[in-house]
Structures are given as C-alpha cells and as structure tokens.
Amino acid sequence: MTEENYLQHCLFQVEKKLNWKKSSFWKESDYLKLSEIIFNASEISISAHTLKRLFGKIKYKENYNPQQATKDALSIFLGYASWKDFVQQYQKSIQKKESNIGSRQKKIAMAMTIVTLMLLFVAYNIIATATAKEKDVFLFDIQDSIGTVPFTVHTKYDFSETISDSFFIDFDFVHPVTGEQIKKTDKNRFAYNFTYQIPGYYKIQLRNHLDTLKTKNILAMSKEWESYLVEEGYRNRFWMDTKISTKSEDNYLHFSVEELKKSGLQVPQVFFIVNRFFKNTQIDGDNFELKTKFKNGKATGGITCYDFILNLYCMNNLNSIKLMEDGCSQYSGIKFGENNVDGTHENLSAFSIKPDEWNTLFVRVNQKEVTAYVNEALIYKGKYNNPNGSIVGIENIFKGSGMLDYIEIKDLKTGKTFFDDFD
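When the letters of the sequence shown are read in order and numbered with our numbering, they come out as residues 2 to 424.
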C-alpha cells in the first residue's frame with residue numbers, strides 16, 4: 002500500500018472516532034474544534050487550514066502528503082504512539098485478514114462491499130432528500146440568548162410535521178460527569194430548557210444524524226472574573242470543583258500554589274490557570290486596541306515552558322495569541338479571523354516573553370489589519386477577511402500560576418473601553 006492509502010485510512014479512522022456528521026458537511030468551527038482536540042491529545046498543533054486540505058475541503062493537489070509531525074499527531078489522537086506505529090499496526094491487521102481469507106472469499110467479500118456501498122449511497126441520498134424537505138416544515142427557536150449565569154435557555158421546537166424522529170439539541174457543553182450535553186428531542190413535546198452555570202459563548206446546534214440544521218449563539222455572561230485550575234489535557238474542563246474560590250492578590254490576578262492548596266483544590270504537578278470574563282463589551286472585534294501586562298516564570302509559580310495565552314471570543318470567531326519563553330516557540334501562535342499561524346509550521350521565535358519579568362502585549366486591529374507587539378517589539382503583521390463581530394469574552398491562560406497586572410481594550414471608532422487592573 003502507498004503512503005496515500007495509509008493516510009486515507011487514518012483520516013477515515015479520525016472521522017469515525019469523532020462520530021460527528023460527515024466531513025463533507027464540516028464548517029470552519031468544526032475544523033477549529035478538531036484542531037484543538039488533536040492538540041490536547043498530542044500536544045502537536047495542526048492548523049484548521051491543514052485539516053481542510055487533508056479532508057478535501059480545500060483542493061491542494063492530487064496527492065497531498067503532510068509533514069511527519071501532522072501524521073504523528075493524527076496517529077496519537079487515534080491512540081497510537083506515532084505514525085510509524087499506526088502504519089505497522091495497520092499492516093499487521095491487513096496481513097491477518099488476508100491470511101484468513103482465501104482468494105474466493107476475497108472476491109465474495111469485495112462484491113458484497115460494493116453492493117453494500119451502493120445500498121448505503123442510495124439510502125444516504127434518500128435520507129438527505131428527506132432532510133432537505135424537513136428543513137421547511139420544522140420550527141426551532143430560542144428565547145433569551147443572552148443572560149448572566151446561572152442562566153436557563155429556553156428552546157422551542159415543533160417537529161410534528163417531519164418524517165424523522167431523530168433530532169438532537171447540542172448545547173455545546175461537556176459536563177465532567179455526564180459528558181457532552183446532547184439531548185434527543187421528544188416529538189410529543191415542544192420545549193427543552195437547559196441551564197448554563199459556567200460563563201461562556203456557546204453555539205447551540207439542532208442536528209439530525211446527518212447534518213446541522215440550525216445554529217443559535219448563546220452568551221452566558223459573568224458577574225466578574227472567574228478562574229479555574231485545570232489539569233494538562235483538560236484545558237476546557239470548567240466546573241464547580243475546578244473553580245478557584247480564593248481571592249486573587251491585591252492589584253493582580255494571581256493565585257499561588259500555596260493559596261490554591263489552602264482553598265481545598267488538588268493541585269497536580271502540571272496544571273493551567275484559566276482566567277475568564279464574558280460580557281457584551283460592544284467593542285468592535287475588527288477595530289480595537291488591546292494592552293495588557295503580565296508575568297509568568299518560576300518565581301510566580303509558572304511551569305516550563307513559561308507562557309501567556311490570550312483568547313478573545315467574538316460573535317463570529319475565536320481569536321488568540323500564544324506567547325512562550327525562548328526555546329519553546331513551537332507552541333506559539335496567533336489567530337485572527339480565518340488566519341491561523343502556528344509555531345509548528347512557522348518560525349515564531351519573536352513570540353517570546355521574559356520569565357520572571359513584566360511583559361507587555363499591545364495589539365491593534367484596524368479594518369481587519371492586525372499588528373502585535375511584545376515589549377514594544379513588532380512580532381506580527383497580517384490581515385484577515387472574515388468579520389469578527391463584537392468582543393463578548395476574554396480568556397487568559399497560564400501554564401502554572403502566572404500574574405496578570407491589567408488589561409485594556411478600546412474601540413477605535415466609538416472610544417468605548419473595557420479596563421480592569423484588579424484593584
């Protein structure tokens with residue numbers, strides 16, 4: 002078998018493990034989510050753009066063979082040690098099957114496979130046609146899409162005129178005990194209410210087995226900054242048992258390891274502190290200036306590689322900047338709009354911070370043109386096309402216990418300003 006055959010089988014296994022809709026229906030948000038899932042599993046970054054190439058969303062060339070790190074990341078996500086391990090195990094499985102099947106049985110199996118694929122193709126088209134018809138006869142709506150946690154969202158629906166009985170509402174939240182909050186609707190009922198207790202910007206999806214039929218955005222706002230201690234590999238696990246209840250230091254957003262232990266939290270050897278604030282800032286995500294000051298090193302309780310991550314949730318996109326200490330630039334990156342630059346594929350050594358010293362980050366976005374400075378040195382200049390919409394969430398992540406001094410975001414058109422110095 003060729004490298005391309007192995008890669009296609011690997012992608013098929015990835016799609017199978019995700020158990021999402023078919024990859025041909027994936028949207029930008031799905032590729033971004035998959036990029037994050039693979040990074041959490043392998044600590045190797047694959048951009049959404051690369052994933053689009055692999056799954057055929059973007060036509061690149063007839064036989065696109067990604068670099069070794071990309072194939073390793075996909076293999077690790079599937080539970081293998083590396084790409085080499087994946088190929089070896091796949092070869093063994095083929096050899097085992099071939100040794101158990103004679104030439105006649107192979108022909109029969111091939112014929113049955115072709116017939117099965119043809120039947121599946123016909124069935125798929127029948128269901129897809131029925132789905133297209135259903136889009137005109139069902140109702141789905143949400144009341145009160147913005148609120149402060151705890152916040153109950155009221156979804157209303159009516160599927161009484163549809164053919165299918167399989168409709169699901171995905172509330173875009175993973176509960177630490179009960180898992181993904183995806184609820185099957187009851188055709189004899191007309192509402193489903195769901196309570197958000199963790200602030201965030203969520204995307205509720207109405208789905209059937211094949212497609213996403215409708216999407217609604219939900220802003221569950223914070224009363225104040227909320228901070229969470231999360232283990233490595235579980236960076237998006239937010240719940241009451243990981244919330245930091247102790248107060249931060251005067252004039253800084255910072256929690257020492259000693260304070261965390263005193264508050265009753267179990268502090269693992271490697272952990273992240275995630276600071277989050279969600280509100281409708283009414284600041285234009287395509288025209289603003291951002292200034293912040295931070296420190297993360299051994300003295301504050303940071304864990305190598307010392308870092309600073311800033312995520313800006315906008316109504317249409319998640320934008321982010323990842324800064325690292327010298328020597329760890331593989332994990333650096335910047336994303337605005339549809340453009341995603343990561344240190345695995347680009348030299349981002351300029352995206353560096355000074356551990357145990359105060360660092361400043363300045364970002365200016367003017368008409369979708371981005372310039373970013375660290376300690377007054379230009380590190381990035383670029384442009385994107387897809388509009389962000391207004392900023393609705395701010396998230397800061399430190400590996401270990403970093404220290405945030407202040408953050409200021411100012412709308413370049415209206416002058417409206419968000420500022421917090423944690424006094």
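Ideal Cβ positions, reconstructed from N, Cα and C, are used throughout, including at glycine.
- In the DSSP assignment, residue 202 falls within the unbroken beta strand (DSSP E) covering 201-208.
- Under DSSP, residue 325 takes part in a beta bridge, and its partners are 308 and 353.
- Taking residue 340 as the centre and dropping the five residues before and after it, the same chain places the C-beta of 383 and 385 closer than 7 Å to its C-beta, in chain order.
- Nearest neighbour of residue 423 by Cα position, chosen from 414, 356, 407 and 288, turns out to be 407.
- An exposed status is given to residue 359, since fewer than 16 other beta-carbon atoms sit within 10 Å of its beta-carbon.
- With fewer than 16 neighbouring CB atoms inside 10 Å of its own CB, residue 166 falls in the exposed class.
- A residue is called buried once 16 or more other Cβ atoms fall within 10 Å of its Cβ, and residue 379, having fewer, is exposed.
- Within its own chain, the residues whose Cβ lies closer than 8 Å to the Cβ of residue 30, once the five positions on either side in sequence are excluded, are 204, listed in chain order.
- Among the bridge pairs identified by DSSP, residue 228 is matched with 276.
- Measuring C-alpha to C-alpha distances from residue 282 to each of 391, 95 and 4 identifies 391 as the nearest.
- Contact annotation: the segment 300-307 touches the segment 325-332, with at least three C-beta pairs closer than 8 Å.
- Across the set 159, 7 and 84, the C-alpha of 7 shows the shortest separation from the C-alpha of residue 95.
- Pairing residue 405 with residue 254 gives a Cβ-Cβ distance under 8 Å.
- Note that the segment 284-301 does not touch the segment 162-177; fewer than 3 beta-carbon pairs, one per stretch, sit closer than 8 Å.
- Our two residues, residue 252 and residue 142, have alpha carbons roughly 43 Å apart in a direct line.
- Straight through space, the alpha carbons of residue 159 and residue 192 are spaced by roughly 8 Å.
- In summary, residue 343 is buried, with 16 or more beta-carbon neighbours lying within 10 Å of its beta-carbon over all protein chains present.
- By the 16-neighbour rule on beta-carbons within 10 angstroms, residue 222 is buried.
- C-alpha of residue 84 to C-alpha of residue 214: approximately 36 Å in a straight line.
- Counting the other CB atoms within 10 Å of its CB gives residue 323 a total of 16 or more, which places it among the buried residues.
- Under DSSP, residue 314 forms a beta bridge with 319 and 394.
- Judged by beta-carbon spacing, residue 297 lies beyond the 8 Å limit of residue 363, meaning their Cβ atoms are not closer than that value.
- In the structure shown, residue 270 adopts coil according to DSSP, grouped into three states.
- Rounded to whole angstroms, the Cβ separation of residue 199 and residue 240 is 7 Å, and the two are in contact under 8 Å.
- Residue 163 counts as buried, since at least 16 other C-beta atoms from the protein chains shown sit within 10 angstroms of its C-beta.
- Classified as buried, residue 302 has 16 or more neighbouring CB atoms from the shown chains inside 10 Å of its CB.
- In this structure, the beta-carbon distance from residue 152 to residue 196 falls below 8 Å.
- Per DSSP, the unbroken alpha helix (DSSP H) holding residue 54 starts and ends at 49-55.
- Contact check for residue 279 against residue 338 fails: the beta carbons are separated by 8 Å or more.
- In the DSSP assignment, residue 342 falls within the beta strand (DSSP E) that extends over 340-343.
- In this structure, DSSP gives residue 220 an extended state, which the three-state scheme calls strand.
- Beta-bridge analysis with DSSP links residue 367 to 288 and 370.
- In the three-state scheme derived from DSSP, where H, G and I count as helix and E and B as strand, residue 2 is classed as coil.
- A Cβ-Cβ distance of about 4 Å is found for the pair residue 352 and residue 333, placing them in contact under the 8 Å criterion.
- Taking all protein chains shown into account, residue 412 has 16 or more neighbouring C-beta atoms within 10 Å of its C-beta and is therefore buried.
- With 16 or more other Cβ atoms inside 10 Å of its own Cβ, residue 401 counts as buried.
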